[in-house]
Structures are given as structure tokens and as C-alpha cells.
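Working notes, beginning with the structure itself.
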């Protein structure tokens, strides 16, 4: 993993529980990543925090006209506020507009650093994020161990049960190992999300509010379901299997090493859905 020092920035953006803007001190360090990173003229890029998936605060389904959608607000907003506090901001001072864009904050910039080695197809660096300064040489390579991982905000958010895990094939196995332990701890204590999660027990869709206000589920599944609902009249799930067969995510079951798709892991009974595998047992293929 490559260590990059810089600053987190939130003014004029809409940070949630798993993404935030970052400006490195040395822009040339982006060249060390395996995929190109997109950044603006000021050098600011959007980070995707590695291995975590927070409830959606402003999701726009592709090819739809239904507008921005969200998951049950209390948990989505709590994760976003906690991330900012962990990174050195003061969530009590943050003001957002109706589109959830930050219009005021004190401070609006906070020093920090990331560990990264990859960017996704949208040019977002996948990163473990940390507040403050590392005390290490900027741009140095870091061998990951338990101490590094446990100091990341990614680990902390998982341990507190404020976000879901989401594992991809481009992540380091040792990172996944320690983050899975944090998930297991949060699950066993029924912390935050895990006290209300219905991804594996099942949930019924009777209207859009079943997903936006009531059922707390794995955000990746929420995004796929909203994509389906936005392209079909009403909320009938009769064509969901056909839709997901075309649009489903490829993955591997970590416990068995077998390839499958998310569609194959869904039990659909009328308007009721449940995922038949624990989320932390899924290893998604990065597109």
C-alpha cells in the first residue's frame, strides 16, 4: 500500500459514510497507483473508502427520472457524521443544503493521510483513511499489519456497526481478514445497523418507502433494487429475477471459493426478499 499525506476537504461536496474528498500534498504520487485517479484543477479527488458501504444518503438510480433516493435517514446520517468526526471535523458545525452538499463547516479542511494502491473505474482511489499526520515519508510503501488497519476510520466504522462491509477482488487479503473481525464483533453485539438489519432475515417491499424509510439493508442490494423499481411501474417484483440476471454482480463465496452472482443468492417470495449468505462472505468482482 502507498502512503499519501494531504488534507480532507468537505466544503461544496456531499460526504457520506464511505466517501470524502482528499487533496494530496504531492499530486505526482497518484502515478504510483495501478489505475488512473481523476482529480480537479486544485488536485482534489473523490475517495472511496475501502471495504465499507454506508447507507445511501443521496443515490440517483441510473437511467431513471425518480430523483435522488436514500436509505433510512437516522443510520445513514449517523455514519456520515461519525466519519467526519473521526477525520477531525466537527459534525455539529456542518450545514448542508437540501441536496446534502456541505455549505458551511468549521473546520472545512482537516489534515490526514491515506493508504491506497488502486483506483476504481470512476477514478476514485480506494483507500484506508486516517486523521492527522503519519510520521512516515510521503509516498512510502507500507506493509499492512493489524496495527495499521485498526487505526483506520474504515475499521472503526465497521467495529461500531455504522457501515456494512463490502469486499472486492482487488483488496488485500490481510486487510479483509482484520476488517471481517471488526464486522463479527459488531454483529455479535448488535451494534447500530446490526440491531435492525434485515438483509438476511428478509424484508417486504410494498412501496418505495419500504426501502427509503423502513428496511435497513445492504446498500449494494438497495442500489440494485432501486435500479429495478425506477424502471418499472409500481413495485411488483415479478420481473426482478430477469432484471438482475442481466444486471447482477459477479462474486465469489469466500467460504467455498465458488463463483456465483448476487441474483443466485437472493430468495424472492412474492414481494419478500432475503439474501441467503452473510455479506462478509461475498467477494465482488471489480468492474
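Numbering (the numbering used here), first residue to last: 48 to 334.
Cβ atoms here follow ideal geometry from the backbone N, Cα and C, with glycine treated the same way.
Because the structure is a prediction, the values reported are computed rather than measured.
Nearest-angstrom Cα separation, counted from residue j out to residue i
{"i": "residue 234", "j": "residue 207", "result": "10 Å"}
{"i": "residue 177", "j": "residue 138", "result": "17 Å"}
{"i": "residue 175", "j": "residue 199", "result": "6 Å"}
{"i": "residue 320", "j": "residue 91", "result": "40 Å"}
{"i": "residue 110", "j": "residue 278", "result": "8 Å"}
{"i": "residue 130", "j": "residue 147", "result": "15 Å"}
{"i": "residue 308", "j": "residue 154", "result": "43 Å"}
{"i": "residue 84", "j": "residue 74", "result": "10 Å"}
{"i": "residue 57", "j": "residue 143", "result": "11 Å"}
{"i": "residue 136", "j": "residue 60", "result": "14 Å"}
Selected residue, minimal CA-CA separation from residue i, among the options
{"i": "residue 265", "options": "257, 247, 276", "result": "247"}
{"i": "residue 104", "options": "127, 222, 159", "result": "127"}
{"i": "residue 159", "options": "168, 55, 282", "result": "55"}
{"i": "residue 331", "options": "63, 214, 80", "result": "214"}
{"i": "residue 197", "options": "273, 251, 224", "result": "224"}
{"i": "residue 51", "options": "65, 238, 69", "result": "69"}
{"i": "residue 80", "options": "284, 157, 121, 170", "result": "170"}
{"i": "residue 326", "options": "318, 267, 275, 219", "result": "267"}
Residue i - partner residues in DSSP beta bridges
{"i": "residue 329", "result": "300"}
{"i": "residue 211", "result": "100"}
{"i": "residue 142", "result": "151"}
{"i": "residue 305", "result": "300"}
{"i": "residue 54", "result": "70, 158"}
{"i": "residue 316", "result": "319"}
Cβ-based burial, residue i [other Cβ within 10 Å; buried from 16]
{"i": "residue 89", "result": "exposed"}
{"i": "residue 53", "result": "buried"}
{"i": "residue 201", "result": "buried"}
{"i": "residue 119", "result": "buried"}
{"i": "residue 113", "result": "exposed"}
{"i": "residue 211", "result": "buried"}
{"i": "residue 150", "result": "exposed"}
{"i": "residue 168", "result": "exposed"}
{"i": "residue 184", "result": "exposed"}
As assigned by DSSP and simplified to three states, the class of residue i
{"i": "residue 121", "result": "helix"}
{"i": "residue 310", "result": "helix"}
{"i": "residue 153", "result": "coil"}
{"i": "residue 136", "result": "coil"}
{"i": "residue 174", "result": "strand"}
{"i": "residue 190", "result": "coil"}
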